[in-house]
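What follows is one structure encoded as structure tokens, with my remarks underneath.
There are 2 protein chains.
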Amino acid sequence: MIEYERDFDHKIAESDTIKMMNSFGSLLYESEHGISGYYNLPEDSKNILREIEVFTELNREVYENFTTIALIGIGGSSLGTKALYQALKNRYENIKEIIFFENPDPVTISNNIKKIDPDKTIFIVISKSGGTIETTSIFKLLIKEFDLNLKESKRVITITDEGSPLCDFSDYYGIKTFVIPKNVGGRFSVLSSVGVVPLALAGFDVESILNGAEEFLKSFFASKEEHLLIKANFLTKFAKDFPITVLFTYADSLEDFTKWFVQLWGESLGKIDKNGRSVGLTPTGHIGSVDQHSFLQLIMEGPRDKFVTFIKVEDFENDLKIPDISLKNIEKVDYINNHTFNELLNAECDATKESLVSKDIPVDMLILDKLDEKNLGELIIYYELLTSACGIMLNIDTYNQPGVEYGKKILQKKFKKD
Amino acid sequence: MIEYERDFDHKIAESDTIKMMNSFGSLLYESEHGISGYYNLPEDSKNILREIEVFTELNREVYENFTTIALIGIGGSSLGTKALYQALKNRYENIKEIIFFENPDPVTISNNIKKIDPDKTIFIVISKSGGTIETTSIFKLLIKEFDLNLKESKRVITITDEGSPLCDFSDYYGIKTFVIPKNVGGRFSVLSSVGVVPLALAGFDVESILNGAEEFLKSFFASKEEHLLIKANFLTKFAKDFPITVLFTYADSLEDFTKWFVQLWGESLGKIDKNGRSVGLTPTGHIGSVDQHSFLQLIMEGPRDKFVTFIKVEDFENDLKIPDISLKNIEKVDYINNHTFNELLNAECDATKESLVSKDIPVDMLILDKLDEKNLGELIIYYELLTSACGIMLNIDTYNQPGVEYGKKILQKKFKKD
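Residue numbers (the working numbering), protein chains in the order written: chain V, 1 to 418; chain H, 1 to 418.
Below is the structure:
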């Protein structure tokens, strides 16, 4: 269960109500006409779980006996999976390790390679376009390094668009491919095969993640989550006043979730709008209480240009306590003795929120009762819907990313001229 | 060696020259009159290296035979050490592992405790004020968990201000304390005992880090680093046009360095200025090429409110290559074959920079020939000086953080009323 608590003052004018209703209609239209396919994933992706079962059953000799997944993918092909992996892995005793090959940083790649026993590893190559330079380069290296026999290897799986170069490559070698729906962009793809296949193979309860997302989606389209539209309306109406969207999560294991959010928010909303204007909201992700000792001073006393969302986890399912020890000369902090770290962290979250509210900084808070699969599924679809709603209100195409193509062309030229 | 490359167009008016000269004078004044003590650290901290030698020699039975350092500290007490540890540890074969106890997140603390063998661990407790609630709480837990005998333990070291509660506590038990100079604030303290002690004990060549910092400092005060003042002038003169300062580093191992930068920049410059106005520059840290697939679209097409600094490492001292393999149907990326990953990553950095320059986005680049101790020392003092220069030009007190006190009071109230 997630509770949505609003601490920003937003008087809703009639024009806002109309804008919110229109946006709701547009979201419904997007969903029903496949403008983006992510709306269908919570339901459709359950088929992938069955597809995985059949495939692993047919290839038991490999899939009964592996310890590690090497996931080769970057950006939308890895950030969402990484977020869920980090947030949830503490809940399991016997999860497979996922090693992420993302950045073409040679030091990281070398370190990762050392961790891999090829006879105990599944290699999953993920690229929506099917020709991502970083991913194919690393894949080639792993083929060479581990002498992967592509023609007979059931250890290699690809995840890509139908008809992409990587898809054709897989067909040629008889490599198993899981397809990404054409109308699902990378940053909206975590609940597609992109996230479902590695997480299910690793042993996560993916069905509950999908259920969590599906329930919220249904509730939203049944007009029961008006708070989301109110927030989108506030963020876009006052985009010039509060151009920076801060996500302040009080749980270490949500750090990768903030990175997923940064991609979703930044790449979706940073656009030239239909009137030719540059618009967008700049996301930043922070971890409490660490960043109380870092970013908080700037929010409190710096320019009033930030909207802050707190994520709090009510119950970490961990009862670690501050012992009843009094340290000679440091007795002044004894008031915290016998409380749990869970209590301390959450009290810090509340105190930080209150001090921001006291300065009239617009704030809201998402309160998760636990860090579990269902809540993570809900959190993901909540942010995807919020992004889509803001995109509609900003008059932009939420789902493309034309700004990154130019750099790719420059890169090609650098090497092709050699 | 670090090369400083400017790609923003800055015509320097006469008023700018005067501002830059005045700021230079103020920095000199700050340094000579101890307004902040960080200017003296590169030289003074060499004494700490000798102090460590003497101490470990006297306690050989413990310090000849440990594998792990448990570092208990948060914010300015950990971010800088973490940054250097992550950036440099790949250069060493036999470095001690440092386990960071920062956030009071119970899951992280539990996981970290499992990694510790108390008979092979040194415990370093760091708190400038000497009463940081997170740090003392975790320290108490470790005392209980590992049954630390404070009266006889040479395994415990504290780092704090002279006369602080933690200092008095240490005196009472005869625990070795390394002192932080009073006029060195947490976020400027990495080259004091705060960073020097754990890094030297772990086996890093700290002297080279200090030398790198000292050389740049001398060069700056010999008026040979004018580029720094030009940048500070640009950033502060156009603070309203470019309120967001982006650090885009092309090396995975500099991720924690970007977090250190975020604290330094955000907490130092986010202030109410001498005229009562809220000023500041909002820092964000990113890693290339991963964030080309994330944040880049927003920089390219979103609001023109960002100044972007790239950090590039010319030589990763790693010759890992993309093998000369052609993947059936993905031949279009074969142009990269036989190049190193080092080349690929740097070409991506250059291509991204060029595409930003083509859009007239203000950019500069720091080019490190290698990721070594000397360059990291220089990088640290460069950013500290840049922060101080911007602070002077913004008319603020760079070294305090009044905005975070209110939250601490609310926190106390929450528990004391129980």
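Virtual Cβ for every residue (Gly too), placed ideally from N, Cα, C.
- Query: With 16 as the cutoff for other CB atoms within 10 Å, does Ser388 (chain H) come out buried or exposed?
  - Reply: Here residue 388 (chain H) refers to the residue found at position 388 when the second sequence is read from its first residue. By the neighbour-count rule (16 or more Cβ atoms within 10 Å), Ser388 (chain H) is buried.
- When you compare only the Cα positions, how much space is there between Asp421 (chain V) and Glu93 (chain H)? Nothing can be reported for residue 421 (chain V): it is not among the residues displayed for chain V, which extend from 1 to 418.
- Kindly list the residues whose CB is nearer than 7 Å to the CB of His10 (chain V), restricted to its own chain and excluding five residues on each side of it in sequence; keep chain order. Sequence index remark: in the first sequence, residue 10 (chain V) carries index 10 (1-based). Result list for His10 (chain V): Ile230, Phe234, in chain order.
- contact_flag[the stretch 258 to 278 of chain V, the stretch 42 to 61 of chain H] where n(CB pairs < 8 Å) is 3 or more: no
- Query: Given that a residue counts as buried once 16 or more other Cβ atoms are within 10 Å of its Cβ, and exposed if not, what is Pro42 (chain V)?
  - Reply: What you label residue 42 (chain V) is simply residue 42 of the first sequence in a count that begins at 1. Burial call: buried.
- How many whole angstroms separate the CB atoms of Val313 (chain H) and Leu368 (chain H), which I take to be in contact at a CB cut-off of 8 Å? Walking along the second sequence from the start, residue 313 (chain H) turns up at place 313. Walking along the second sequence from the start, residue 368 (chain H) turns up at place 368. With a Cβ gap of about 5 Å, Val313 (chain H) and Leu368 (chain H) count as contacting.
- Query: Would Thr108 (chain H) count as contacting chain V if we go by Cβ distances under 9 Å?
  - Reply: Along the second sequence, one-based indexing puts residue 108 (chain H) at 108. In terms of beta-carbon proximity, Thr108 (chain H) lines the interface with chain V, with at least one pair separated by less than 9 Å.
- Tell me the start and end of each unbroken beta strand (DSSP E) in the stretch 168 to 210 of chain H that is at least 3 residues and wholly inside, in chain order. Within the stretch 168 to 210 of chain H, the complete beta strand (DSSP E) segments of 3 residues or longer fall at 176 to 180, listed in chain order.
- Task: Could you tell me if Pro402 (chain H) is buried or exposed, where buried requires 16 or more neighbouring beta carbons within 10 angstroms of its beta carbon?
- Result: Taking the second sequence and counting its residues from 1, the one referred to as residue 402 (chain H) is at position 402. Exposed, since its Cβ has fewer than 16 Cβ neighbours within 10 Å.
- How would you list, in chain order, the residues of chain V whose beta-carbon sits under 8 Å from the beta-carbon of His339 (chain H)? Taking the second sequence and counting its residues from 1, the one referred to as residue 339 (chain H) is at position 339. Those are Phe415, listed as they occur along chain V.
- Task: Could you work out which residues of chain H lie near Asn329 (chain V), taking near to mean beta carbons separated by less than 7 Å?
- Result: For the purposes of this step, residue 329 (chain V) is taken as the residue at position 329 of the first sequence. The contacting residues are Pro165, Asp168, Phe169, Tyr172.
- Query: Comparing the C-beta of Glu93 (chain V) with each C-beta of chain H, is any distance below 9 Å?
  - Reply: For the purposes of this step, residue 93 (chain V) is taken as residue 93 along the first sequence, with counting starting at 1. Not one chain H Cβ lies under 9 Å of Glu93 (chain V).
- Item | Cβ distance (whole Å) where Gly76 (chain H) is taken to contact Gly186 (chain H) below 8 Å | In the second sequence, counting from the first residue as 1, residue 76 (chain H) sits at position 76. In the second sequence, counting from the first residue as 1, residue 186 (chain H) sits at position 186. At roughly 2 Å, the Cβ-Cβ gap stays under 8 Å, so Gly76 (chain H) and Gly186 (chain H) are in contact.
- Message: I want to verify the contact list: residues of chain H whose CB lies under 8 Å from the CB of Thr245 (chain V), in sequence order.
- Response: Here residue 245 (chain V) refers to the residue found at position 245 when the first sequence is read from its first residue. In chain order: nothing, as chain H lies at least about 11 Å away.
- Item | Beta-carbon proximity of Ser253 (chain V) to Asn111 (chain V), cut-off 9 Å | Walking along the first sequence from the start, residue 253 (chain V) turns up at place 253. Walking along the first sequence from the start, residue 111 (chain V) turns up at place 111. Cβ distance not < 9 Å, so Ser253 (chain V) and Asn111 (chain V) don't count as in contact.
- Assuming Val206 (chain V) and Leu199 (chain V) make a contact with CB atoms under 8 Å, what is their CB distance in whole Å? Within the first sequence, the letter at position 206 stands for residue 206 (chain V). Within the first sequence, the letter at position 199 stands for residue 199 (chain V). Sure, about 5 Å apart at Cβ, within 8 Å.
- Neighbour list for Arg6 (chain V) in chain H, Cβ cutoff strictly below 9 Å: In the first sequence, counting from the first residue as 1, residue 6 (chain V) sits at position 6. Here the premise fails: no neighbours, minimum Cβ distance about 20 Å.
- Quick one: using the 10 Å Cβ neighbour count with 16 as the cut-off for buried, is Glu61 (chain H) buried or exposed? Numbered from its first residue, the second sequence carries residue 61 (chain H) at position 61. Around the beta carbon of Glu61 (chain H), fewer than 16 other beta carbons lie within 10 angstroms, which makes this residue exposed.
- Message: Looking at the strands, I want to know which residues DSSP matches up with Arg6 (chain V).
- Response: Here residue 6 (chain V) refers to the residue found at position 6 of the first sequence. As DSSP reads the structure, Arg6 (chain V) sits in a beta bridge with V:Asp364.
- Query: The beta strand (DSSP E) with Phe100 (chain H) in it runs from where to where?
  - Reply: Counted from its first residue, the second sequence places residue 100 (chain H) at position 100. Residues 97 to 101.
- Query: Given a threshold of 16 other Cβ atoms within 10 Å of its Cβ, counted over all protein chains shown, does Ser223 (chain H) qualify as buried or as exposed?
  - Reply: Along the second sequence, read from residue 1 onward, the residue named residue 223 (chain H) stands at position 223. When all chains shown are included, Ser223 (chain H) counts as exposed.
- Query: Hey, would you say Ile244 (chain H) sits closer than 9 Å to Leu296 (chain H), going by beta carbons?
  - Reply: Here residue 244 (chain H) corresponds to residue number 244 of the second sequence, with the count starting at 1. Here residue 296 (chain H) corresponds to residue number 296 of the second sequence, with the count starting at 1. For Ile244 (chain H) and Leu296 (chain H), no; Cβs fall outside 9 Å.
- Message: Quick check: what's the CA-CA separation for Ile95 (chain H) versus Phe204 (chain H)?
- Response: Position 95 of the second sequence, counted from the start, is the residue given in the question as residue 95 (chain H). Position 204 of the second sequence, counted from the start, is the residue given in the question as residue 204 (chain H). Approximately 7 Å, taken between the alpha carbons.
- Item | Cutoff 9 Å: Phe307 (chain V) Cβ touching any chain H Cβ | Indexing the first sequence from 1 puts residue 307 (chain V) at position 307. No, Phe307 (chain V) does not count as interfacial toward chain H.
- Selection of the stretch 28 to 46 of chain V by Cβ proximity to chain H, strictly under 8 Å: none
- Given a cut-off of 9 Å, decide if Ser164 (chain V) and Ser129 (chain V) are closer than it, judged by their beta-carbon atoms. For the purposes of this step, residue 129 (chain V) is taken as the residue at position 129 of the first sequence. For the purposes of this step, residue 164 (chain V) is taken as the residue at position 164 of the first sequence. In this structure, Ser164 (chain V) lies closer than 9 Å to Ser129 (chain V) by Cβ.
- Counting only the same chain and skipping the five closest in sequence on each side, list residues whose C-beta sits under 7 Å from that of Ile113 (chain V). Your numbering for residue 113 (chain V) matches position 113 in the first sequence. So the list reads Glu145, once near-sequence residues are dropped.
- Within the 9 Å Cβ cut-off, does Asp350 (chain H) reach chain V? Reading the second sequence from its first residue, position 350 is the one you call residue 350 (chain H). Chain V contact via Cβ: present.
- Message: Our contact map puts Leu228 (chain V) next to Leu327 (chain V) with C-beta atoms below 8 Å; I'd like the distance itself, whole angstroms only.
- Response: Along the first sequence, one-based indexing puts residue 228 (chain V) at 228. Along the first sequence, one-based indexing puts residue 327 (chain V) at 327. At roughly 47 Å, the Cβ-Cβ gap does not stay under 8 Å, so Leu228 (chain V) and Leu327 (chain V) are not in contact.
- Item | Under 8 Å by beta carbon: chain H residues contacting Arg155 (chain V) | Looking up residue 155 (chain V) in the first sequence gives position 155. Going along chain H, no residue has its Cβ under 8 Å from Arg155 (chain V), so there is no contact; the nearest lies around 16 Å.
- Query: Taking the DSSP output, what are the residues bridged to His286 (chain V)?
  - Reply: Counting from one through the first sequence, the residue named residue 286 (chain V) turns up at place 286. Looking at the DSSP assignment, His286 (chain V) forms a beta bridge with V:Phe248.
- Query: Going by beta carbon distance, what residues of the same chain come within less than 6 Å of Asp350 (chain H), once the five residues before and after it are set aside?
  - Reply: The residue labelled residue 350 (chain H) in the question sits at position 350 within the second sequence. Hits under 6 Å: none found.
- Would you call Leu28 (chain V) buried or exposed, if buried means 16 or more other Cβ atoms sit within 10 Å of its Cβ? Numbered from 1 along the first sequence, position 28 holds the residue referred to as residue 28 (chain V). Exposed is the call here.
- Task: Can you tell me which of V:Thr136, V:Arg155, V:Asp147 puts its alpha carbon nearest to the alpha carbon of Lys120 (chain V)?
- Result: For this step, residue 120 (chain V) is matched to residue 120 along the first sequence. Checked all of V:Thr136, V:Arg155, V:Asp147; the closest Cα to Lys120 (chain V) is V:Arg155.
- Proximity winner among V:Val262, V:Ile175, V:Asp161, relative to Ile122 (chain V) (alpha-carbon distances): In the first sequence, counting from the first residue as 1, residue 122 (chain V) sits at position 122. It is V:Ile175 whose Cα lies nearest to the Cα of Ile122 (chain V).
- Query: Among H:Ala239, H:Asp171, H:Glu5, which has the Cα closest to the Cα of Asp278 (chain H)?
  - Reply: In the second sequence, the residue the question calls residue 278 (chain H) occupies position 278. Contrary to the premise, residue 278 (chain H) reads as Ser rather than Asp in this sequence. Here the closest residue by C-alpha is H:Ala239.
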